[in-house]
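2 protein chains.
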Amino acid sequence: MTTPRIEDVAAAAGVHRSTVSRAFSRPEAVRQETRDHVLRVAASMGYTMSPLAQALRTKSSTLVPLIVPDITNPFFAELAKAMRAAAGERGYQLVLCVTENDATATAGYLHAMRSMYAPFGVIAPLTQLDPAEFEPFGFGSRLVVIDRMAPDYHGPTVTVDNVKGIRLAFDHLVALGHRSIAYVAGIVGTHTAADRREAYHALARANDMAPLEFNEGIGAEAGERAAEHLANMDGRPSAVIAANDVVAFGLISALGSRGLSVPNDVSVVGFDGLALGASGNPPLTSVRQPITEMGRMGIELAERGADSGRAEHVVLRPRLLIRSSTGVAR
Amino acid sequence: MTTPRIEDVAAAAGVHRSTVSRAFSRPEAVRQETRDHVLRVAASMGYTMSPLAQALRTKSSTLVPLIVPDITNPFFAELAKAMRAAAGERGYQLVLCVTENDATATAGYLHAMRSMYAPFGVIAPLTQLDPAEFEPFGFGSRLVVIDRMAPDYHGPTVTVDNVKGIRLAFDHLVALGHRSIAYVAGIVGTHTAADRREAYHALARANDMAPLEFNEGIGAEAGERAAEHLANMDGRPSAVIAANDVVAFGLISALGSRGLSVPNDVSVVGFDGLALGASGNPPLTSVRQPITEMGRMGIELAERGADSGRAEHVVLRPRLLIRSSTGVAR
DNA sequence: CTGAAAGCGCTTACAG
DNA sequence: CTGAAAGCGCTTACAG
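Sequence lines, in order, name chains A and B.
Per numbering that gives the first Met the number 0, the first sequence runs over residues 0 to 329.
Per numbering that gives the first Met the number 0, the second sequence runs over residues 0 to 329.
#1: Kindly indicate the opening and closing residues of the beta strand (DSSP E) around LEU65(B).
#2: Does ASN280(B) come within less than 9 Å of chain A when only Cβ atoms are used?
#3: Report the residue from GLU223(A), VAL183(A), ILE240(A) and GLU99(A) whose alpha carbon sits nearest the alpha carbon of ARG166(A).
#4: Does the beta carbon of HIS312(B) come closer than 9 Å to any beta carbon on chain A?
#5: Do the segment 134-147 of chain B and the segment 197-205 of chain B make contact, defined as three or more Cβ pairs closer than 8 Å?
#6: Listed in chain order, which residues of the segment 258-290 of chain B have Cβ atoms closer than 8 Å to some Cβ of chain A?
#7: Decide yes or no for the touch test of the segment 78-97 of chain A against the segment 89-106 of chain B: beta carbon pairs closer than 8 Å, at least 3 of them.
#8: For HIS177(A), does the three-state DSSP call read helix, strand or coil?
#9: Assuming contact is defined by CB atoms lying nearer than 9 Å, are ALA277(B) and SER252(A) in contact in what I supplied?
#10: Taking the runs of the beta strand (DSSP E) that are 3 residues or longer, which of them lie wholly in the segment 103-170 of chain B?
#11: Contact between the segment 265-285 of chain A and the segment 51-66 of chain A is defined here as three or more beta-carbon pairs at a separation below 8 Å; is this criterion met?
#12: Would you kindly work out how many angstroms separate the C-alpha atoms of VAL159(B) and ALA192(B), rounded to a whole number?
#13: Give me whichever residues DSSP pairs with GLU227(A) in a beta bridge.
#14: Between ASP69(A) and LEU273(B), what straight-line distance do the alpha-carbon atoms span, to the nearest angstrom?
#15: Counting only the same chain and skipping the five closest in sequence on each side, list residues whose C-beta sits under 7 Å from that of HIS36(A).
#16: Just to confirm the assignment, what range does the beta strand (DSSP E) spanning GLN92(B) have?
#17: Counting only C-beta atoms, is PHE119(B) closer than 9 Å to chain A at any point?
#18: Do we get a CB-CB distance below 9 Å when we pair THR47(B) with the residues of chain A?
#19: Can you tell me the Cα-Cα spacing of THR61(B) and SER114(B), whole angstroms?
#20: Along chain B, which residues have their Cβ under 7 Å away from the Cβ of ALA79(A)?
#21: List, in chain order, every chain A residue whose beta-carbon is nearer than 7 Å to that of LEU95(B).
#22: Once you ignore the five residues that flank VAL29(A) on each side, which residues in its own chain have a CB closer than 8 Å to its CB?
#23: For GLY269(A) and ASN243(A), which I take to be in contact (beta-carbon distance under 8 Å), what is that distance rounded to the nearest angstrom?
#24: Can you grab the Cα-Cα spacing for the pair ALA123(A) / VAL265(B), in whole Å?
#25: I'd like the span of the beta strand (DSSP E) that includes SER266(B), first residue to last.
#26: Is the distance from the Cβ of HIS110(A) to the Cβ of PHE138(A) below 9 Å?
#27: So, with DSSP's three-state summary, where would you put GLU292(A)?
#28: Could you check the C-alpha separation between SER323(B) and PRO262(B) for me, to the nearest Å?
#29: In three-state DSSP terms, what is VAL245(A)?
#30: How would you call GLY258(B), buried or exposed, if buried means at least 16 neighbouring beta carbons within 10 angstroms?
#31: Considering only C-alpha positions, which residue in the set LEU172(A), ARG16(A) and ALA168(A) is nearest to ALA41(A)?
#32: Using only CA atoms, which one of VAL314(A), ALA209(A) and VAL97(A) lies nearest to VAL162(A)?
#33: Considering just the uninterrupted stretch of the alpha helix (DSSP H) at VAL313(A), what are its terminal residues?
#34: Apart from the five residues on each side of it in sequence, which residues of its chain come closer than 6 Å, Cβ to Cβ, to HIS177(B)?
#35: Which value, in whole angstroms, describes the spacing of the CA atoms of GLU311(A) and LEU95(A)?
#36: Determine the burial state of ARG83(B): buried for a count of at least 16 other Cβ atoms within 10 Å of its Cβ, exposed for fewer.
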């Protein structure tokens, strides 16, 4: 059973292949009777068009790449899930491209994006993204970045209001009576990372607290390192804000191994609001990024950017997800 | 700056396009001087071949689909990571296809696999996979399944020795003095799920224990439900084996919310050995699936199956990863 | 060793 | 409204 080609359908339906093509791609351009007949014949043969041949001919496809550094990071996994759904609704196929944070791999995917005639794409960075790396590809406003970018960057971006997110976390802790709040970084290079960190410092100053930042390692490991220091510290802060949920997981885990209990000994707030956080021990209080919304906006902005050539910047509002890793200061 | 085509390179190099094609695809078929010259000219123009046109012409591509139900499930995320690396090493591009466990979506990807001329593919199921759903596509031994399949299934498979895995967990708990060990299912339909469950029951019987199985809900929720029951139970088992790590996370979290501490009150063993388990509170003891190995074997079997038409079945050995969620029975 | 030609499976001006 | 023709960017027997 060989796959039927357009020519086979045309022969079976007794029309020219251009008519078959139109019946599928521009149905209004063919007489209804003819169209129905052609479509019926095609269906009976199990015919579908070759996306490859279509892409080659029209120089456009419905493949949209999402370029992420690491799919085992639950934030990117949730983002991918949301974007896949959003892309699917609009008739696109999301192609997940994982770079392992390697610039060569990224360039490879951008190249592939062009050779596959992708209409647009989305890139979510983990560390500093150098616009010089992708501007040569000339995607312009057809490539959206999931991060804040430098003010002189002229492509579309979608991000969350990180300053507000950190404020949500900080205010929550202050309201619980905490007067000494530390910050664990653990993400590096992105504007997102810088924004969160700076927001923390500003807030600490504004509240007359001495800022205390731990900034060793990346991800869960950063949390573990911070826990070491916290465990051995006199005048330990009563609360910690982690730059993201994975950092918070590592922190809580290592705190527990050292006999420190969350939230009894230390309150912890994460950032991301991952679904997995609900299954933490304790369930993690976290600044929730509207990931589904980010996915949808990412696709929307990319599509609009491809149409209009205009680069929009969307900043989404975070919410505080209060679960059980924060409690009143003792 | 328009992308150069093969004809542009041919013109610039003063040869026919067939020579350019050979210089790239069958370098031994062209005189060395000519080849070097062509390649140099091509490089100077930033030329690369169109994978689209190549695939259309040769009816083969290097795109290999990995079909998974849910990328936010860390097991599939880790599998995807491993497979991407394995595929990349062999010159293939892994295309991640997420089905959300929907049969229509799966069929769509299998269809795409054919129309993209994928040389082979890999599918990792979450629930029962009905061979009837994909056998019509006629992939034969070019589609490997990451699960044990029914004995009469004739495609290649790679899976872990689940019986042995459960035994590892069980024996570990028995060695710690546990005489009452429960099981939380939380995965459903796959042969993997059935094998783990049955192994537990067999082991309980062999050790003269009354089997106690919790089987409500899926994933983390299954763990939470089990925790409810455990918290309200007289003669609570001192240890629990969870069907996978995500179930274990939910279990430990909900146990904690009810004032039960792991491993002091209950020991918990997971299954998967996710990296994330190391950042659990406490770090999760788990039966480690050799995910990297599974990824590599999956690609290898698929490639060999495509070449030879033979379907191999690989069963990998699990290991016990002893972390901190298990302790001696009180 | 290299070139000319046919063709992979489509689309789309252009005629009629 | 439909057909005939050219062409998207390649590859590969076939000659020479």
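Every residue gets a Cβ at the ideal spot worked out from N, C-alpha and C, and that includes glycine.
According to the data block:
#1: The sequence position of residue 65(B) within the second sequence is 66, counting from 1. It spans 62-67 - the beta strand (DSSP E) in which LEU65(B) sits, taken as one unbroken run.
#2: Position 281 of the second sequence, counted from the first residue, corresponds to residue 280(B). Closer than 9 Å: yes.
#3: In the first sequence, the residue the question calls residue 166(A) occupies position 167. Per the Cα distances, ILE240(A).
#4: To locate residue 312(B), count along the second sequence from 1; it is residue 313. Not closer than 9 Å to any Cβ of chain A, the Cβ of HIS312(B) fails to qualify, so no.
#5: Under the 8 Å Cβ criterion, the segment 134-147 of chain B does not count as touching the segment 197-205 of chain B, having fewer than three qualifying pairs.
#6: Answer set for the segment 258-290 of chain B: VAL261, ALA274, LEU275, ALA277, SER278, GLY279, ASN280, PRO281 and PRO282.
#7: Note that the segment 78-97 of chain A touches the segment 89-106 of chain B; at least 3 beta-carbon pairs, one per stretch, sit closer than 8 Å.
#8: For the purposes of this step, residue 177(A) is taken as residue 178 along the first sequence, with counting starting at 1. Here HIS177(A) sits in coil by DSSP.
#9: Here residue 277(B) refers to the residue found at position 278 of the second sequence. Here residue 252(A) refers to the residue found at position 253 of the first sequence. Yes, Cβ-Cβ distance for ALA277(B) and SER252(A) is below 9 Å.
#10: Listed in chain order, they are 120-122, 142-144 and 156-159.
#11: At 8 Å Cβ cutoff, the stretches do not touch.
#12: Your numbering for residue 159(B) matches position 160 in the second sequence. Your numbering for residue 192(B) matches position 193 in the second sequence. A direct Cα-to-Cα measurement between VAL159(B) and ALA192(B) gives close to 12 Å.
#13: Counting from one through the first sequence, the residue named residue 227(A) turns up at place 228. In DSSP, GLU227(A) forms no bridge with anything.
#14: On the first sequence, position 70 is the one that residue 69(A) refers to. On the second sequence, position 274 is the one that residue 273(B) refers to. Approximately 15 Å, taken between the alpha carbons.
#15: Counted from its first residue, the first sequence places residue 36(A) at position 37. The residues ALA12, in chain order, have a CB closer than 7 Å to that of HIS36(A) in the same chain once the five nearest residues on each side in sequence are set aside.
#16: As a first step, residue 92(B) is located in the second sequence; it is residue number 93 there, counting from the start. Unbroken beta strand (DSSP E) run through GLN92(B): 92-97.
#17: The sequence position of residue 119(B) within the second sequence is 120, counting from 1. PHE119(B) does not count as touching chain A.
#18: Working through the second sequence from its first residue, we reach residue 47(B) at position 48. At least one CB of chain A lies nearer than 9 Å to the CB of THR47(B).
#19: Taking the first residue of the second sequence as 1, we reach residue 61(B) at position 62. Taking the first residue of the second sequence as 1, we reach residue 114(B) at position 115. Taking the straight line from one Cα to the other gives about 13 Å.
#20: Taking the first sequence and counting its residues from 1, the one referred to as residue 79(A) is at position 80. Correct list: ILE70.
#21: On the second sequence, residue 95(B) is found 96 positions in, with the first residue counted as 1. Under the 7 Å cutoff, chain A gives LEU95.
#22: Position 30 of the first sequence, counting from 1, holds the residue named residue 29(A). Non-local C-beta neighbours of VAL29(A) in its own chain, meaning closer than 8 Å and more than five positions away in sequence, comprise THR18, ARG21, ALA22 and VAL37, ordered along the chain.
#23: For the purposes of this step, residue 269(A) is identified with residue 270 of the first sequence, where counting begins at 1. For the purposes of this step, residue 243(A) is identified with residue 244 of the first sequence, where counting begins at 1. About 6 Å separates the beta carbon of GLY269(A) from that of ASN243(A), a gap short enough to meet the 8 Å contact definition.
#24: The residue labelled residue 123(A) in the question sits at position 124 within the first sequence. The residue labelled residue 265(B) in the question sits at position 266 within the second sequence. The alpha-carbon atoms of ALA123(A) and VAL265(B) are separated by roughly 41 Å.
#25: In the second sequence, the residue the question calls residue 266(B) occupies position 267. Residues 266-271.
#26: Along the first sequence, one-based indexing puts residue 110(A) at 111. Along the first sequence, one-based indexing puts residue 138(A) at 139. It is not a contact, given that the beta carbons lie outside the stated cut-off.
#27: As a working mapping, residue 292(A) is identified with position 293 in the first sequence. GLU292(A) falls in the helix class under three-state DSSP.
#28: As a working mapping, residue 323(B) is identified with position 324 in the second sequence. As a working mapping, residue 262(B) is identified with position 263 in the second sequence. Roughly 7 Å between the two C-alpha positions.
#29: As a first step, residue 245(A) is located in the first sequence; it is residue number 246 there, counting from the start. Correct three-state label for VAL245(A): helix.
#30: Residue mapping note: residue 258(B) aligns to position 259 of the second sequence, counting from 1. It counts as exposed.
#31: Stepping through the first sequence from its first residue, residue 41(A) is reached at position 42. The candidate whose alpha carbon is nearest that of ALA41(A) is ARG16(A).
#32: The sequence position of residue 162(A) within the first sequence is 163, counting from 1. Nearest C-alpha to VAL162(A): VAL314(A).
#33: What you label residue 313(A) is simply residue 314 of the first sequence in a count that begins at 1. It is not in any alpha helix (DSSP H) - VAL313(A) instead sits in the beta strand (DSSP E) that spans 312-315.
#34: In the second sequence, counting from the first residue as 1, residue 177(B) sits at position 178. Counting only Cβ-Cβ distances below 6 Å, and skipping sequence neighbours, we find SER237, ALA238 and ALA328.
#35: Counting from one through the first sequence, the residue named residue 311(A) turns up at place 312. Counting from one through the first sequence, the residue named residue 95(A) turns up at place 96. Across the structure, GLU311(A) and LEU95(A) are spaced so that their CA atoms are roughly 23 Å apart.
#36: Within the second sequence, residue 83(B) is the residue found at index 84, counting from 1. In summary, ARG83(B) is buried, with 16 or more beta-carbon neighbours lying within 10 Å of its beta-carbon over all protein chains present.
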